[in-house]
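If you read the protein sequences in the order shown, they are chains X and V.
Residues in the first sequence are numbered from 1176 upward in steps of one, following my numbering.
Residues in the second sequence are numbered from 341 upward in steps of one, following my numbering.
We put the CB at the ideal spot given by N, CA and C, even for glycine.
Notes follow the structure.
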Amino acid sequence: MQQSSITSFFKQK
Amino acid sequence: MLEARLGETQLLKKIVDALKEIISLSTLDCSETGMQLQSMDNSHVSLVSLSLQTGCFEKYRCDRNVSLGLDLKSLSKVVKSASGDDSVTLSAADKADKLLLSFESDNKSRTADYELKLLNLDQDHLGIPDTNYACTVQMPSSEFARICRDMSMFSETVVISCTKQGIKFSANGDLGSANIKLAETSKGDITIDVEEPITQSFAGRYLNTFTRATPLSDRVKICLAPEVPLLVEYSIEDYGYIRYYLAPKVDD
């Protein structure tokens, strides 16, 4: 399994 | 200017302990409604969000918004030097390059003042969308800490499955496997709300790090939904929270 990044779910404001 | 007084340094110690293992530098944004902090860990796998409304403080004044760039290791050193039952006042000028921390003992016989240099941090702020979570579980925070610790002995990856029957934590590694199931209890210390069942995998070491917040709250709330990060929330008295978001592991 691969760790996903939080930035692929929450976008920069 | 900012002036914020907490009745007990203990609360600040617990907050710093809950943050410093996951982030080293962060900006504390202060406004008239309270203090907010948001940071990702260095690997951008998790996000921590802290909110302290003015009700957390014995006294709170913030005339103009001020952002305090903090080195949490330095802040940790300062709060360690104070006794837990001292009061602490945080103060900063409008365009401050330092944060003042003034500790005062219960009987006011001892005062200690520290100046902490502030950093000019250029941090990204992420927008956290409102999420309708498929599963929401509340349990004693000590129970969650124990499960995370026990799981991490077995594997780097912890699988969390939640159904109406309960929440299950599983880890499978070289040693063997571990499965811990919790069902809802009639006395209400464990509650499980499920709109749809879900199974997701997460990095156990992050879950373990989140449990540094255990002293802040007797309860922890865990929220899961498909294709979104896990939310682990500890409330801070009645007026604040620390929320950890953890990106799931996905199939290669």
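Residue i CB to nearest heavy atom of the ligand NAD below 6 Å
i, result
"T551 of chain V", "Within the structure as shown, the ligand NAD is missing, as the structure has no ligands at all."
C-beta contact flag for residue i and residue j at 7 Å
i, j, result
"T349 of chain V", "A452 of chain V", "no"
"L440 of chain V", "S427 of chain V", "no"
"L377 of chain V", "S366 of chain V", "yes"
"K594 of chain V", "K457 of chain V", "This structure cannot settle anything about residue 594 of chain V, because the visible part of chain V is limited to 341 through 592."
"A344 of chain V", "F397 of chain V", "yes"
"S495 of chain V", "N472 of chain V", "no"
"V572 of chain V", "F542 of chain V", "no"
"V477 of chain V", "I538 of chain V", "no"
"D514 of chain V", "P480 of chain V", "no"
"Q393 of chain V", "G580 of chain V", "yes"
"Y584 of chain V", "V388 of chain V", "yes"
"L564 of chain V", "C488 of chain V", "no"
"V590 of chain V", "Y574 of chain V", "no"
"S1183 of chain X", "H384 of chain V", "no"
"A518 of chain V", "G506 of chain V", "no"
"I468 of chain V", "F1185 of chain X", "yes"
"E593 of chain V", "R486 of chain V", "Here chain V has residues from 341 to 592 only, and residue 593 of chain V is not among them."
"Q1187 of chain X", "L368 of chain V", "no"
"V406 of chain V", "L461 of chain V", "no"
Whole-angstrom distance between residue j and residue i, CA atom to CA atom
i, j, result
"D464 of chain V", "L410 of chain V", "15 Å"
"G544 of chain V", "N447 of chain V", "44 Å"
"S379 of chain V", "I520 of chain V", "31 Å"
"E535 of chain V", "S501 of chain V", "13 Å"
"K420 of chain V", "L412 of chain V", "12 Å"
"R450 of chain V", "M493 of chain V", "45 Å"
"L408 of chain V", "D425 of chain V", "25 Å"
"C370 of chain V", "K527 of chain V", "39 Å"
"D381 of chain V", "Q1178 of chain X", "14 Å"
"K417 of chain V", "L586 of chain V", "27 Å"
"F509 of chain V", "Y454 of chain V", "44 Å"
"E483 of chain V", "D533 of chain V", "18 Å"
"K504 of chain V", "K353 of chain V", "37 Å"
"A433 of chain V", "D578 of chain V", "28 Å"
"L402 of chain V", "T429 of chain V", "In the sequence on display, residue 402 of chain V carries Cys and not Leu. Going by the C-alpha atoms only, they are around 13 Å apart."
"V499 of chain V", "Q540 of chain V", "6 Å"
"L390 of chain V", "D558 of chain V", "17 Å"
"V356 of chain V", "M491 of chain V", "25 Å"
"S414 of chain V", "T525 of chain V", "42 Å"
"T373 of chain V", "E567 of chain V", "32 Å"
"Y400 of chain V", "T554 of chain V", "26 Å"
"D592 of chain V", "L556 of chain V", "37 Å"
One or two residues paired with residue i in a DSSP bridge
i, result
"A452 of chain V", "V:F443"
"E573 of chain V", "V:K561 and V:R583"
"Y400 of chain V", "V:A344"
"D411 of chain V", "V:L365"
"K589 of chain V", "X:Q1178 and V:S541"
Interface flag, residue i vs chain A, CB-CB below 7 Å
i, result
"M380 of chain V", "As a matter of chain content, chain A is missing from the structure shown, whose protein chains are X and V."
- Task: With 9 Å as the limit, tell me which residues of the segment 383-404 of chain V have their beta carbon closer than that to any beta carbon of chain X; keep them in chain order.
- Result: S383, H384, V385, S386 and L387
- Item | Within 9 Å of chain X by C-beta, residues of the segment 495-517 of chain V in sequence order | T497
- Task: With a floor of 4 residues, list each alpha helix (DSSP H) that falls wholly inside the segment 454-479 of chain V, ordered by position along the chain.
- Result: none
- Every unbroken beta strand (DSSP E) within the segment 491-538 of chain V, with a cutoff of 3 residues, ordered by chain: 497-503, 506-513, 516-522 and 531-534
- Considering only residues of the segment 348-398 of chain V, which uninterrupted beta strand (DSSP E) runs meet the minimum length of 3 residues and lie entirely inside it, listed in chain order? 365-371, 374-380 and 386-393
- Message: To be precise: take each residue of the segment 462-484 of chain V, compare its Cβ to all Cβ atoms of chain X, and keep it if any distance is under 9 Å. Which residues remain?
- Response: D464, H465, L466, G467, I468 and P469
- When you check each C-beta in the segment 524-551 of chain V against every C-beta of chain X, which residues fall closer than 8 Å? S541 and A543
- Message: Short of 9 Å Cβ to Cβ, which residues in the segment 573-587 of chain V face chain X?
- Response: Y585, L586 and A587
- Listed in chain order, which residues of the segment 559-573 of chain V have Cβ atoms closer than 7 Å to some Cβ of chain X? Of all residues in the segment 559-573 of chain V, the ones placed with a Cβ closer than 7 Å to any Cβ belonging to chain X are V568 and P569, in chain order.
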